[in-house]
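Notes follow the structure.
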Amino acid sequence: MNLAGILAASTSTAVLVEGESDRAAVEALAARQGLPLARRGVQVIAMGGITNIGHHLVALVDLPPNATRTIRIGGLYDAAEERFVVKGLDRVGLRPAASTTPLSEHGFFRCDRDLEDELIRAVGVDAFVELIAAEGERRSFERLQGQPVQRDWTVAQQLHRFLGSKAGRKEYYGRRLAEVLPLDRIPEPLEALLRWAA
């Protein structure tokens, strides 16, 4: 993989996230906290899936021979996919094989289910439903709630499913949830990541 077309010339810290919704949420929350990511050389890179982390790590560690910089690397990951992060870090020598050191000490922070779930819990189910209504999508959400498969789910589960039910919706609401999130309820992995990146 060649990140030459992706990596900004000023980048000194790369934050790897699974997808565009994660990138949107991280960037929106950083902006709310007055953390100028680009000015500090921090670039958030959506990998297009956690299974691509190995390729991204190799590309960031093995910059061209004429490169005059070393990139600091961190990111977010889902608990169920920790093995991909461990394998990737081991592969490029950023974490000793068989190490029991928490990945947070290597700049990688774990979400329990995923970042969307962390944001839904932090914002709150009722507030998220109100946000959906304010965005003009209440009927779409109610239709999803009425479908046989989702009918008996909790509202939190229905909201999570709603995010992935239409192209672009997960990214849009990833950003919007980060924009309305009470700053005293920032999910721990997201707060830890931004603290690390700063």
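Residue numbering for the sequence shown is 1 to 198, as defined by UniProt numbering.
Cβ coordinates follow ideal geometry from the N, Cα and C atoms, glycine included.
Quantities reported herein were computed from a predicted structural model and do not represent experimental measurements.
Closest in alpha carbon position to aspartate 112, among Gln147, Asp78, Asp126 and Ala197, is Asp78.
The beta carbons of glycine 74 and valine 123 sit no closer together than 8 angstroms. A contact between stretches requires three or more CB pairs, one per stretch, nearer than 8 angstroms, and the stretch 32-39 fails this requirement with the stretch 92-108. Judged by DSSP secondary structure, alanine 38 falls outside any alpha helix (DSSP H); it is assigned neither H nor E. Threonine 70 and leucine 159 have their C-alpha atoms roughly 40 angstroms apart.
Ranking Leu60, Leu115 and Leu89 by CA distance to the CA of alanine 80 puts Leu115 first. In the DSSP assignment, aspartate 78 is bridged to Cys111. At a cut-off of 4 residues, the continuous stretches assigned as alpha helix (DSSP H) that sit fully inside the stretch 109-177 are 115-123, 125-134, 138-146 and 155-163. Here threonine 51 carries a helix assignment [DSSP, helix/strand/coil]. CA-CA distance, glycine 49 to glutamate 18, rounds to 5 angstroms. Leucine 194 is not a Cβ neighbour of leucine 76, given a cutoff of 8 angstroms. Per the C-alpha coordinates, the member of Arg39, Arg72 and Asn52 positioned closest to serine 10 is Arg39. The continuous alpha helix (DSSP H) containing leucine 190 extends over residues 188-197.
Look at the beta carbons and you see the stretch 22-31 touching the stretch 172-184: at least three pairs across the two are nearer than 8 angstroms. Secondary structure at alanine 9: coil, using DSSP grouped into helix, strand and coil.
Distance check between proline 182 and each of Ala46, Leu29, Arg110 and Ala97 places Leu29 closest, using alpha-carbon atoms only.
Put simply, the backbone Cα of glutamate 118 is about 6 angstroms away from that of proline 187.
Annotation for leucine 89: Leu57, Arg95, Leu103, His106 and Phe108 place their beta carbon closer than 8 angstroms to its own, counting only its chain and skipping 5 residues before and after. The C-beta separation of valine 61 from alanine 197 comes to about 18 angstroms, leaving the pair out of contact by the 8 angstroms criterion.
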